[in-house]
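Participant:
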Amino acid sequence: MAASRTKIVAGNWKMNLDRAGAKALTAAVAVRTAEAAGVELVLCPPNVYADVVGATLAAGGSPAHLTLGAQNMLDKPSGAFTGEVSAAMLKDVGCTYVILGHSERRTLFGETNSIVNSKTKAALAAGLTPIVCVGELLEEREAGRTAAVVTEQIQQSLAGLTPAELERVVVAYEPVWAIGTGKVATPQQAQEVHALIRALLAGLSDAGVASRMRIQYGGSVKPDNAADLARQPDIDGALVGGASLKADDFLGIAAAFRSI
Ligand code: PGA
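Final position of the sequence shown in the working numbering is 270; the numbers increase by one with none missing.
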């Protein structure tokens, strides 16, 4: 079953790099995509560099499986929303994907499941593919609340989507305690939550839709731990933060998913 899902590895650059660095990293990845043949790769730069990354991809004749994504957007089409960008704007500069509900958005910028739900619908309506992030805090895991928290996040963040819309969504499971900490979830811990998420997705649609949806793992993924994660039946790729800033590491992770 897992083999039929195209693996997807996305680099969340967060608020890093400058224009020259964004261009250089894009070019460095673009010339080596063959190392991750068959894996869909997504680069998610800060919005201000989306244009230069998109242009660099286009100039390099980048293969269709290397695409552009964004890290966030607003759920409104246009108007007086100082500092924000819309889904249509992201499409306009060549984005295919948009990360929504990343834990940094949830914890630092107050994004609730209801906001993530509204953004997910706006992204889908504009033709973007949302990468919807969920994941528990350390204290929630320690209190044995992981399943409850993830269940609520999935059910509320993806509420009201038709099965056809849901099928276009990528889910990223990112335990918050593993993000940027070097503390990766064990493959078993990750697989357990991925299996739960797939069951929840089936509950929101049906087993067929859920079996075709991609669920990424995120949180301190590195080339040396990617292979064990990639072997898990319900882990269909990775959402990579720190390691996506180095072409070698990003491609090393992607290559681990290629070989599965
Ligand atoms: P990390 O970040 O790989 O640096 O832990 C992952 C993420 O925030 O998506």
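We treat Cβ as the ideally placed atom computed from N, Cα and C, and that holds for glycine.
Using a Cβ-Cβ cut-off of 8 Å (strictly less than) and excluding sequence neighbours within five positions of residue 11, which residues of its own chain qualify?
Facilitator: One-based indexing of the sequence shown puts residue 11 at position 1. With a pLDDT of 43 at residue 11, under the threshold of 50, the modelled position of that residue is not reliable, and the figure given next carries that caveat. The answer, listed in chain order, is 221, 243.
Participant: Can you tell me which of the three DSSP states residue 184 falls into?
Facilitator: Within the sequence shown, numbered from 1, the residue matching residue 184 stands at position 174. Correct three-state label for residue 184: coil.
Participant: For residue 167 versus residue 194, is the C-beta spacing smaller than 8 Å?
Facilitator: For this step, residue 167 is matched to residue 157 along the sequence shown. For this step, residue 194 is matched to residue 184 along the sequence shown. Contact flag unset, no.
Participant: Excluding sequence positions up to five away, which residues of its chain have a Cβ less than 6 Å from the Cβ of residue 147?
Facilitator: Numbered from its first residue, the sequence shown carries residue 147 at position 137. Counting only Cβ-Cβ distances below 6 Å, and skipping sequence neighbours, we find 186.
Participant: Express the C-alpha separation of residue 82 and residue 13 in angstroms, rounding to a whole number.
Facilitator: Numbered from 1 along the sequence shown, position 3 holds the residue referred to as residue 13. Numbered from 1 along the sequence shown, position 72 holds the residue referred to as residue 82. Note that residue 13 scores 44 on pLDDT, short of 50, meaning its location in the model is unreliable; the coordinates nonetheless yield the value given after this. So the two alpha carbons sit approximately 30 Å from each other.
Participant: Go ahead and label residue 124 buried or exposed: buried means 16 or more other beta carbons lie within 10 angstroms of its beta carbon, across all protein chains shown.
Facilitator: The residue labelled residue 124 in the question sits at position 114 within the sequence shown. Under this definition residue 124 is an exposed residue.
Participant: Going by other Cβ atoms of all chains shown within 10 Å of its Cβ, with 16 needed for buried, is residue 68 buried or exposed?
Facilitator: One-based indexing of the sequence shown puts residue 68 at position 58. Result: exposed.
Participant: Give me the Cα-Cα distance between residue 134 and residue 178, rounded to the nearest whole angstrom.
Facilitator: For the purposes of this step, residue 134 is taken as residue 124 along the sequence shown, with counting starting at 1. For the purposes of this step, residue 178 is taken as residue 168 along the sequence shown, with counting starting at 1. One C-alpha to the other measures close to 8 Å.
Participant: Could you work out which residue in 181, 263, 60 is closest to residue 77 when comparing CA atoms only?
Facilitator: Within the sequence shown, numbered from 1, the residue matching residue 77 stands at position 67. With distances taken between Cα atoms, residue 77 lies closest to 60.
Participant: Touching or not, the stretch 154 to 162 and the stretch 105 to 122, by the rule of three or more beta carbon pairs under 8 Å?
Facilitator: Short answer: they don't touch.
Participant: Hey, residue 64 and residue 39: beta-carbon distance below 8 Å or not?
Facilitator: The count along the sequence shown starts at 1 and reaches residue 64 at position 54. The count along the sequence shown starts at 1 and reaches residue 39 at position 29. Contact flag unset, no.
Participant: Suppose contacts are defined by Cβ-Cβ distances below 8 Å. Is residue 226 in contact with residue 18 by that definition?
Facilitator: If you number the sequence shown from 1, residue 226 lands on position 216. If you number the sequence shown from 1, residue 18 lands on position 8. Contact flag set, yes.
Participant: For residue 218 and residue 51, I'd like the C-alpha separation in whole angstroms.
Facilitator: As a working mapping, residue 218 is identified with position 208 in the sequence shown. As a working mapping, residue 51 is identified with position 41 in the sequence shown. So the two alpha carbons sit approximately 24 Å from each other.
Participant: What did DSSP end up calling residue 127 once you bin it into helix, strand or coil?
Facilitator: As a working note, residue 127 is residue 117 in the sequence shown. Here residue 127 sits in helix by DSSP.
Participant: Kindly provide the chain-ordered list of residues whose Cβ lies closer than 6 Å to any non-hydrogen atom of the ligand PGA.
Facilitator: Working through the chain, the matches are 22, 184, 189, 190, 228, 229, 230, 231, 249, 250, 251, 252, 253.
Participant: Give me the Cα-Cα distance between residue 70 and residue 37, rounded to the nearest whole angstrom.
Facilitator: Mapped onto the sequence shown, residue 70 falls at position 60. Mapped onto the sequence shown, residue 37 falls at position 27. Cα-Cα distance, rounded: 7 Å.
Participant: Can you tell me which of the three DSSP states residue 140 falls into?
Facilitator: Looking up residue 140 in the sequence shown gives position 130. Strand.
Participant: So is residue 48 buried or exposed if we call it buried at 16+ other beta carbons inside 10 Å?
Facilitator: Start at 1 with the first residue of the sequence shown, and residue 48 comes out as number 38. Looking at its Cβ environment, which holds fewer than 16 other Cβ atoms inside 10 Å, residue 48 is exposed.
Participant: List the DSSP bridge partners of residue 93.
Facilitator: Position 83 of the sequence shown holds residue 93. Beta-bridge pairing links residue 93 to no other residue.
Participant: Terminal residues of the continuous alpha helix (DSSP H) containing residue 66?
Facilitator: Counting from one through the sequence shown, the residue named residue 66 turns up at place 56. Unbroken alpha helix (DSSP H) run through residue 66: 60 to 69.
Participant: Using C-beta distances below 7 Å, list every residue in its chain close to residue 115, excluding the 5 sequence neighbours before and after it, in chain order.
Facilitator: On the sequence shown, residue 115 is found 105 positions in, with the first residue counted as 1. Closer than 7 Å at Cβ, skipping near neighbours: 82, 121.
Participant: Could you check the C-alpha separation between residue 54 and residue 43 for me, to the nearest Å?
Facilitator: As a first step, residue 54 is located in the sequence shown; it is residue number 44 there, counting from the start. As a first step, residue 43 is located in the sequence shown; it is residue number 33 there, counting from the start. Looking at the two C-alpha atoms, the distance is approximately 16 Å.
Participant: Whose C-beta lies closer than 6 Å to the C-beta of residue 87 among residues of the same chain, with five residues either side of it excluded?
Facilitator: If you number the sequence shown from 1, residue 87 lands on position 77. Hits under 6 Å: 96.
Participant: Assign residue 248 to one of three DSSP states: helix, strand, or coil.
Facilitator: Here residue 248 is taken as the residue at index 238 of the sequence shown, counted from 1. In the structure shown, residue 248 sits in a strand (DSSP, three-state: E or B).
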